[in-house]
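Just below is one structure, and these are the notes that go with it.
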Amino acid sequence: MIAARKTRIFYFSLFLLPAFLLYATFFIWPLLMGVQYSFTDWNGVVPEIPFNMSRSEFETKVIRQVKARAELAYLLKYYQKSADGQFYNLTHWIKENGRERQLTAAEREKIKAILAKVGISSIKQIGLANYQEMFQADTRFVPRFEKKFLFNEFDDLPTSIKRQHFNNDLLKHLSAREKALVLGSYQLNQGQNAYLLKEHLAESKAEELKTILAEQMYQTVYLPGVIGFTIFFMILNVLLSNFFALLLALLLDHKLRMQNFLRSIFFLPNVLSLVIVAFIWSFVFKLIMPAVTGIPLWLGSTDLAPYCVIIVSVWQACGYLMVIYLAGLQTIPTDVLEAAEIDGANWSTKFKHITWPLLAPALTICLFYSISNSLKAFEVPLALTSGGPGYATTPIVLDVYFNAFMQNRFGYGTAKAVLLCLIIILITGIQLTLMKRREVEL
Amino acid sequence: MKHKLIKSTLVTLMVAAFCGANLAAAAQPIKLNLFYYKQEIVNQMKELTEAFTKSNPQIKIELEIVPNDSMTVLRTKMASGQAPDLIQLQSYANVFEFAQAGWLLDLSKESVLNRVMPGAKNAVTYPTWGENKAIRGKIYALPMDLAGIGIIYNKEIFNKYGLKPPKTFKELKIVCATLKQHKITPFASMFKANWSLGHFLTMAHTTLAGAKLNPWLEKMKADKASYADPVEVKSLFKMLDFYKANSDPRAAEFDWNEQQAAFAKGEAAMMVQGLWSYGAAIATNPKLKCGFIPFPCTDNVAQNKMYADVDSTFAISAASSPEKIKAAKTFLEWLTTPEAIKIWVEKCKLVPTFKGANLKAMDAPFQDLVAYMNRNQTNPWAFSMYPVTVFEDACKNGAQEYIFGRKNAKQVIQYIDQTWKKN
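Chains as they are written, first to last, in this note's numbering: chain A, 1 to 442; chain B, 1001 to 1423.
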């Protein structure tokens, strides 16, 4: 049935138009606002229009500068001199017809516009400074090399240092005088292949030695920074979660006993609240893993903590992806598979030539979903490690959160968020176009 | 015909949905919105406001608690024009920040401030070096409770091994060595979150700076100094080294909960914390007997003062309606009455800032704190006077990165200086 033109217009204005409007107000508008804020140094507190100005400032910068009479009168209606005459305060509540009401958004906008004309705005525009800072001054954001110190002044002197460490991490950094002192106190033991501390060192010499070790014994290590961690996390998380999800889906696609029960079991982690998930896993990493593996520190170690976060994320994401893969597997017609079987194809040939190509649409969706989700990772690192130790497990979103809300740098945080938005659009865009090209239509 | 009926019903429904929200509004008693962050007094706040409503039946107070990230929520509320009428704010930087932005009501001329101890007013008076010249010297909040950061120690463990609370750094070293000999961790610490380490760094910095603190702060605000100026860098970072060396090796994954648990169970003999943590420890183990002393950073007893200051304050939003502002002022007045102070002291277990408050009901650690206050042996919380970013980012993260060996002393100082310059 073809709807009449009149009806079409009616439904357009009743449903589609509101939908477009909602899309504009809740997506396009905030995005544009975000881009706008990313060029400012707003701290998240300063209101958009000044709430009070000192008398002299208001008189010289506003009253004398605003040319249009009507505009000035409008301003003076809202900015009133305080009791002691020192300030002009914004009136938040206006008496009208005997009732008091709050300023409306439209009124605020108009005040803002008038004040902006004479160059008064609470929020300073700083152009691209935020973006420059991200890549140049922010030492935690981009990957880099840095020193990691190996000795703490208050510890006792190490009694033996491996020969390799001694040469690479200590001797290389020393001046001739320091070298003499260190070599005078440590002696090479060929049997153990290590430098051993001489016994009965004088107190003063030991103190000096401690200072040298504390300042000069270091390794140069690679620090991935926030960007590095996010990419590392994305790659491992996408590969592992898709691999395990596909594996689970293939297993559960066969007619197994308790098939439905198993499917629900594997999907369950996705239903749990992430905070609970993090609690369970931090329990595992703090009590069970040290007992099983003998490694005492997991979440507290800068080397292992990133993998802990990945393990939890993979465990959590697997179930959801598995369901998509299962749906994909079920769309594959059984007659093709049966025909292949009759032709003598074994399991691996069937998978390689039939299942895998026909699974392409599911793969596209799963990759898209897991890539964009890994780039937006937030809850698991926050609840499990709160981004630590140090900055070892801080993805971009968590960093944005720290910048904007912990350090009061709303503008800077927004700039990072805008960058992240662009990265996500770029990466998922490339992924979608590449994968759509190789999808097979049945 | 039927078609038209459906259409018109749809339209009516949609219009009704849009307008419905505006229909409910009627005259009622004045409702104040109180926003607070102190999670240790959730039930006590209820009791406090109920007692207030009993004596002022025309005013009702609705409580809203946001324990973590309270500032995030508060800022969002302010920005969206839903400022709460009464706001619990942390002293100094937070009060100044909101005052400077114009969100807070000027309380300078309110009579309620006459009942506040003179030493407590610093924490709410917009400073002379503040950016907004016009509001310098004005008061924007009512200081509510005093808190200290120092060593909370377990008296039973100390007695068992014949230890006395250390008064100098030398004595502290001996105490820690003795405890280690007996297989007791000297300090219950938390390195997973950065805030406690931030407190520790600034506490050591303030104590070591001693009398040089204020001149240095003035210079720093004028961008003419470095964080390293008032102290010897080596002795400052020695404190962190010492702290780490005497903490549990697993402290890197300990958060506040683990710290409290280790201390309450007696696995560790001391913890460097604010006195607010005492409440949590005593709740876990009610038999705990504790004392409270300043962290002795130097060997000079007189210089080892208690790091104590005003913690929380109540402010009134300047954007509230006149009648609500009046009601909010009534509430602040009521808070200084003996009835309110009694709840504040006995139920909330907080040290009030009001003159002549009766503190006899408080536990030993609080008495220790008050004793230091009365002897005037306190240092102000200097971190509250740093720019917010400097403390929140450079000090907290710097100290944590130092502990994890990611930055050395020089780099931490450099980072703090750089961040300060940007402000």
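Glycine included, each C-beta is placed from N, C-alpha and C at the ideal position.
Examine chain A for any beta-carbon lying closer than 9 Å to the beta-carbon of residue i, and answer yes or no.
i, result
"Thr-1072 of chain B", "yes"
"Gln-1088 of chain B", "no"
"Ile-1135 of chain B", "yes"
"Val-1388 of chain B", "yes"
"Lys-1031 of chain B", "no"
"Pro-1322 of chain B", "yes"
"Phe-1191 of chain B", "yes"
"Ala-1024 of chain B", "Because the pLDDT of Ala-1024 of chain B is 43, which lies under 50, any placement of that residue in the model is unreliable, and the number read from its coordinates should be weighed accordingly. By this cut-off, Ala-1024 of chain B is not an interface position."
"Gly-1081 of chain B", "yes"
"Glu-1097 of chain B", "yes"
"Asp-1085 of chain B", "no"
"Trp-1420 of chain B", "no"
In chain B, what lies closer than 9 Å to residue i by C-beta?
i, result
"Leu-297 of chain A", "Pro-1249, Arg-1250, Ala-1252, Glu-1253"
"Glu-146 of chain A", "Arg-1406, Lys-1407, Gln-1411"
Could one say the Cβ of residue i lies closer than 9 Å to chain B's Cβ atoms, at least one of them?
i, result
"Gln-36 of chain A", "no"
"Gly-294 of chain A", "no"
"Leu-250 of chain A", "no"
"Asn-346 of chain A", "no"
"Ser-121 of chain A", "no"
"Glu-215 of chain A", "yes"
"Trp-93 of chain A", "yes"
Note down, in chain order, every chain B residue with its Cβ under 8 Å from the Cβ of residue i.
i, result
"His-165 of chain A", "Here the premise fails: no neighbours, minimum Cβ distance about 15 Å."
"Glu-208 of chain A", "Going along chain B, no residue has its Cβ under 8 Å from Glu-208 of chain A, so there is no contact; the nearest lies around 13 Å."
Please determine, among the options, the residue with the shortest C-alpha to C-alpha distance to residue i.
i, options, result
"Thr-364 of chain A", "A:Pro-269, A:Val-238, A:Leu-248, A:His-165", "A:Val-238"
"Val-1390 of chain B", "A:Val-292, A:Asn-408, A:Met-217", "A:Asn-408"
"Thr-91 of chain A", "A:Ala-377, A:Lys-81, A:Pro-47", "A:Lys-81"
"Ala-1394 of chain B", "B:Pro-1118, B:Pro-1380, B:Tyr-1415, B:Cys-1297", "B:Tyr-1415"
"Leu-209 of chain A", "A:Gly-390, A:Met-234, A:Glu-100, A:Ala-180", "A:Ala-180"
"Lys-112 of chain A", "A:Ile-354, A:Tyr-74, A:Asp-138", "A:Tyr-74"
"Val-277 of chain A", "A:Val-380, A:Gln-216, A:Ala-327, A:Pro-361", "A:Val-380"
"Lys-1347 of chain B", "B:Gly-1279, B:Asn-1122, B:Pro-1215", "B:Gly-1279"
"Gly-387 of chain A", "A:Pro-333, A:Tyr-23, A:Pro-306", "A:Pro-306"
"Ile-371 of chain A", "A:Ile-235, A:Ser-301, A:Ile-295", "A:Ile-235"
"Gln-190 of chain A", "A:Lys-162, A:Glu-215, A:Ala-129", "A:Lys-162"
"Glu-1110 of chain B", "B:Met-1373, B:Thr-1168, B:Thr-1336, B:Lys-1329", "B:Lys-1329"
"Ser-1226 of chain B", "B:His-1205, B:Lys-1244, B:Leu-1032", "B:His-1205"
"Ala-1245 of chain B", "B:Gly-1137, B:Thr-1185, B:Leu-1074", "B:Thr-1185"
Identify, in the order they occur along the chain, each residue of the same chain with its Cβ nearer than 6 Å to the Cβ of residue i, setting aside the five sequence neighbours on each side.
i, result
"Asn-1397 of chain B", "Asn-1194"
"Cys-308 of chain A", "Phe-285, Trp-298, Leu-299"
"Ala-1025 of chain B", "Note that Ala-1025 of chain B scores 43 on pLDDT, short of 50, meaning its location in the model is unreliable; the coordinates nonetheless yield the value given after this. None."
"Leu-1023 of chain B", "At Leu-1023 of chain B the pLDDT is 43, less than 50, meaning the model places this residue with poor confidence and gives no usable figure here."
"Ala-1021 of chain B", "With a pLDDT of 43 at Ala-1021 of chain B, under the threshold of 50, the predicted position of this residue should be treated as unreliable, though the coordinate-derived value follows. Same-chain partners within the cutoff: there are none."
"Met-53 of chain A", "Tyr-88"
"Ser-1070 of chain B", "Tyr-1037"
Identify the contact partners of residue i in chain A, using a Cβ-Cβ distance below 7 Å as the criterion.
i, result
"Pro-1166 of chain B", "What Pro-1166 of chain B touches in chain A: nothing, since even the nearest Cβ is about 16 Å away."
"Asp-1393 of chain B", "Gln-407"
"Arg-1075 of chain B", "Gly-44, Val-45"
"Gln-1181 of chain B", "What Gln-1181 of chain B touches in chain A: nothing, since even the nearest Cβ is about 14 Å away."
Excluding five sequence neighbours on each side, which residues of the same chain lie with their C-beta closer than 7 Å to the C-beta of residue i?
i, result
"Ala-1261 of chain B", "Thr-1284"
"Gln-219 of chain A", "Lys-148, Leu-150, Asp-169"
"Glu-1258 of chain B", "Met-1190"
Residues of chain A with CB under 8 Å from residue i, in chain order?
i, result
"Met-1078 of chain B", "Val-45, Pro-47"
"Gln-1414 of chain B", "By Cβ distance, chain A contributes nothing, its closest Cβ being about 10 Å from Gln-1414 of chain B, past 8 Å."
"Asp-1069 of chain B", "Phe-405"
Residue i touches chain A at which residues, Cβ-Cβ below 9 Å?
i, result
"Val-1345 of chain B", "Those do not exist, as Val-1345 of chain B stays about 32 Å from chain A at its closest Cβ, beyond 9 Å."
Output, in chain order, the set of chain B residues within a Cβ distance shorter than 7 Å of residue i.
i, result
"Thr-159 of chain A", "Here the premise fails: no neighbours, minimum Cβ distance about 17 Å."
"Phe-58 of chain A", "Correct list: empty, because the minimum Cβ distance to chain B is about 10 Å."
"Asn-52 of chain A", "Gly-1102"
Closer than 8 Å by C-beta to residue i: which residues in its own chain qualify, once you throw out the five before and the five after it? Chain order, please.
i, result
"Ile-227 of chain A", "Phe-141, Val-142, Pro-143, Ile-396"
"Ile-126 of chain A", "Phe-39, Thr-40, Asp-41, Gly-411"
"Glu-1171 of chain B", "Lys-1164, Pro-1296"
"Ile-1353 of chain B", "The question names Ile, yet the displayed sequence has Thr at residue 1353 of chain B. These residues qualify, in order along the chain: Val-1116, Met-1117, Ala-1120, Pro-1143, Met-1144, Asp-1145, Leu-1146, Val-1310."
- request: Run through the stretch 160-233 of chain A for me and flag every whole alpha helix (DSSP H) of 4 or more residues, listed as ranges in chain order.
  value: 176-185, 203-216
task: Would you list, in sequence order, the uninterrupted beta strand (DSSP E) runs of no fewer than 3 residues that lie entirely inside the stretch 238-285 of chain A?
output: none
- prompt: Enumerated in chain order, which unbroken segments of the beta strand (DSSP E) with a length of 3 residues or greater are wholly contained in the stretch 1237-1317 of chain B?
  reply: 1268-1274, 1290-1293, 1306-1310, 1312-1316
task: Taking only runs that begin and end inside the stretch 293-370 of chain A, name each unbroken alpha helix (DSSP H) of 4 or more residues, in chain order.
output: 305-330, 334-342, 347-350
field: 3-residue-minimum beta strand (DSSP E) runs that sit fully inside the stretch 36-116 of chain A, ordered along the chain
entry: 52-54, 79-81, 87-90, 93-96, 99-102
Length-filtered (4 minimum) alpha helix (DSSP H) runs lying within the stretch 1141-1195 of chain B: 1155-1160, 1169-1181
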